[in-house]
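**Student:** This is the structure I want to talk about, given as structure tokens.
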Amino acid sequence: MKTWVPSESAADVLSDLPGVDCAVYNSTTPMPQGVEEVEVWIPPLVTVPDVRGTMARMTSLRLVQTVTAGVEPYRPHIPEGVTLCNARGVHDAGTAEWAVGAMVAVLREFPAFVDAQRRGEWTYRHTGVLADSTVLIVGYGSIGAALERRLAGFEVEVVRVARTARDGVHGMADLPALLPAADVVVLLVPATADTAGMVDAAFLAGMKDGAVLVNAARGGIVDTDALIAELKTGRLRAALDVTAPEPLPEGHPLWSAPGVLITPHVAGSTPASERRVLRLIRAQLEHYLAGEPLVNVITDTY
Numbered sequence: 177m178k179t180w181v182p183s184e185s186a187a188d189v190l191s192d193l194p195g196v197d198c199a200v201y202n203s204t205t206p207m208p209q210g211v212e213e214v215e216v217w218i219p220p221l222v223t224v225p226d227v228r229g230t231m232a233r234m235t236s237l238r239l240v241q242t243v244t245a246g247v248e249p250y251r252p253h254i255p256e257g258v259t260l261c262n263a264r265g266v267h268d269a270g271t272a273e274w275a276v277g278a279m280v281a282v283l284r285e286f287p288a289f290v291d292a293q294r295r296g297e298w299t300y301r302h303t304g305v306l307a308d309s310t311v312l313i314v315g316y317g318s319i320g321a322a323l324e325r326r327l328a329g330f331e332v333e334v335v336r337v338a339r340t341a342r343d344g345v346h347g348m349a350d351l352p353a354l355l356p357a358a359d360v361v362v363l364l365v366p367a368t369a370d371t372a373g374m375v376d377a378a379f380l381a382g383m384k385d386g387a388v389l390v391n392a393a394r395g396g397i398v399d400t401d402a403l404i405a406e407l408k409t410g411r412l413r414a415a416l417d418v419t420a421p422e423p424l425p426e427g428h429p430l431w432s433a434p435g436v437l438i439t440p441h442v443a444g445s446t447p448a449s450e451r452r453v454l455r456l457i458r459a460q461l462e463h464y465l466a467g468e469p470l471v472n473v474i475t476d477t478y
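Residue 177 is where the sequence shown starts when you use the working numbering, and the numbers rise one by one after that.
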């Protein structure tokens, strides 16, 4: 069974499975021979060029297992009869940890103190604090639950919003009424047609003065120009692990906007995520070879 994997470590973890023939293909290596024989494709973290064209040539393809929770580069191009699975749960710890660190860093003004340290200046002042805040999690799935667990010791109120309302979780229709009370708004929604540009000027205007927007989802969920306009007034602050465009080009006005902390899409790029990806890959291939049900199967948009 020809299987393309994203790394040598992935090939190693599958090396003893009977009949599995692994070749490494990622965003930097040349495409291996035998694309038409690939039955299982595990794409890399960084999307390879021409996903549509690549998948069209994989005439033997039966399973695509992503190493990301997001499947937007692959979902539109999945051929009939091919199963698509995501890596739900793999990046929960890293992304939740980043979100906590980011909101603390912005509220306690760590970036400004780092700048002052470089200048050799002692800039004592009071700062904001996470304690006694209301944290609104927009997109309450497995990452949102992981984030809430990590916030348990910070003495905050957590408000949950998801696509579908359920016990203890609001639906998206409640979001406009919830925004004005939130001190921190964390975005964890998937990139879909419904979420593209959802954080627009009206959404941002609904946030309370001094609130912090934390985006650990996808850059396209936020209207970048609208966010920059709010940041320039000083009314809102933000912590962004993702941007639109991405990578953020040199000279883009978001780089110099006041009150924003930007990291280069690293929230889930941790050793913990790598270990969990390998465990998932191994388990999925064992299930696949045995004809057993797979986990994290994408049956709709998500």
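Just so it is clear, CB atoms sit at the ideal spot from N, CA and C, and this is done for glycine as well.
Residue ranges of each beta strand (DSSP E) run of no fewer than 3 residues wholly in the segment 230-257, ordered along the chain?
**Tutor:** Counting only runs of 3 or more, we get 239-241.
**Student:** Restricting to Cα atoms, I'd like to know which of Ile218, Ala369, Arg326 and Val360 is closest to Val453.
**Tutor:** As a working note, residue 453 is residue 277 in the sequence shown. Answer by Cα proximity: Ile218.
**Student:** What's the gap between the Cα of Glu406 and the Cα of Ala269?
**Tutor:** Along the sequence shown, read from residue 1 onward, the residue named residue 406 stands at position 230. Along the sequence shown, read from residue 1 onward, the residue named residue 269 stands at position 93. Between Glu406 and Ala269, the C-alpha separation is close to 30 Å.
**Student:** Would you check if there are 3 or more beta carbon pairs closer than 8 Å linking the segment 433-442 to the segment 225-236?
**Tutor:** Contact fails: fewer than three Cβ-Cβ distances are below 8 Å.
**Student:** So is Val414 buried or exposed if we call it buried at 16+ other beta carbons inside 10 Å?
**Tutor:** To locate residue 414, count along the sequence shown from 1; it is residue 238. Correcting the residue type first, residue 414 is Ala in the shown sequence and not Val. It counts as buried.
**Student:** In the DSSP output, what is Asn391 paired with across the bridge?
**Tutor:** Here residue 391 refers to the residue found at position 215 when the sequence shown is read from its first residue. Bridge partners of Asn391: Leu363 and Leu416.
**Student:** Measuring CB to CB, does Ser236 end up less than 8 Å from Val258?
**Tutor:** Mapped onto the sequence shown, residue 236 falls at position 60. Mapped onto the sequence shown, residue 258 falls at position 82. Not in contact: Ser236 and Val258 (Cβ atoms no closer than 8 Å).
**Student:** Taking Pro423 as the reference, which of Lys178, Thr179 and Thr223 has the closest Cα?
**Tutor:** Taking the first residue of the sequence shown as position 1, residue 423 is located at position 247. Of Lys178, Thr179 and Thr223, the residue nearest in Cα terms is Thr223.
**Student:** Whose C-alpha, out of Leu354, Thr303, Ala272 and Arg458, is nearest the C-alpha of Gly320?
**Tutor:** On the sequence shown, residue 320 is found 144 positions in, with the first residue counted as 1. Closest option to Gly320, Cα to Cα, is Ala272.
**Student:** Tell me which residues share the same chain as Val280 and place their Cβ nearer than 7 Å to its Cβ, disregarding the 5 neighbours each side in the sequence.
**Tutor:** To locate residue 280, count along the sequence shown from 1; it is residue 104. So the qualifying residues of the chain are Leu306.
**Student:** My guess is that Cys261 and Val442 are in contact by the Cβ rule of under 8 Å, so how many angstroms apart are they, rounded?
**Tutor:** In the sequence shown, counting from the first residue as 1, residue 261 sits at position 85. In the sequence shown, counting from the first residue as 1, residue 442 sits at position 266. The pair is not a contact, with the Cβ atoms about 24 Å apart (cut-off 8 Å).
**Student:** If you draw a straight line from the alpha carbon of Pro366 to that of Ala275, how long is it in whole angstroms?
**Tutor:** Here residue 366 refers to the residue found at position 190 when the sequence shown is read from its first residue. Here residue 275 refers to the residue found at position 99 when the sequence shown is read from its first residue. Looking at the two C-alpha atoms, the distance is approximately 16 Å.
**Student:** Tell whether a beta-carbon distance below 8 Å holds between Ile397 and Thr371.
**Tutor:** Taking the first residue of the sequence shown as position 1, residue 397 is located at position 221. Taking the first residue of the sequence shown as position 1, residue 371 is located at position 195. In contact: Ile397 and Thr371 (Cβ atoms closer than 8 Å).
**Student:** Contact check, His346 vs Val334 under 8 Å by CB: the rounded distance?
**Tutor:** Within the sequence shown, numbered from 1, the residue matching residue 346 stands at position 170. Within the sequence shown, numbered from 1, the residue matching residue 334 stands at position 158. So it is not a contact: roughly 12 Å between Cβ atoms.
**Student:** What is the DSSP secondary structure of Trp431, reduced to helix, strand or coil?
**Tutor:** For the purposes of this step, residue 431 is identified with residue 255 of the sequence shown, where counting begins at 1. Residue state, collapsed to three classes: helix.
**Student:** Which residue marks the beginning of the beta strand (DSSP E) containing Thr310, and which one marks its end?
**Tutor:** Working through the sequence shown from its first residue, we reach residue 310 at position 134. It spans Thr310 to Val314 - the beta strand (DSSP E) in which Thr310 sits, taken as one unbroken run.
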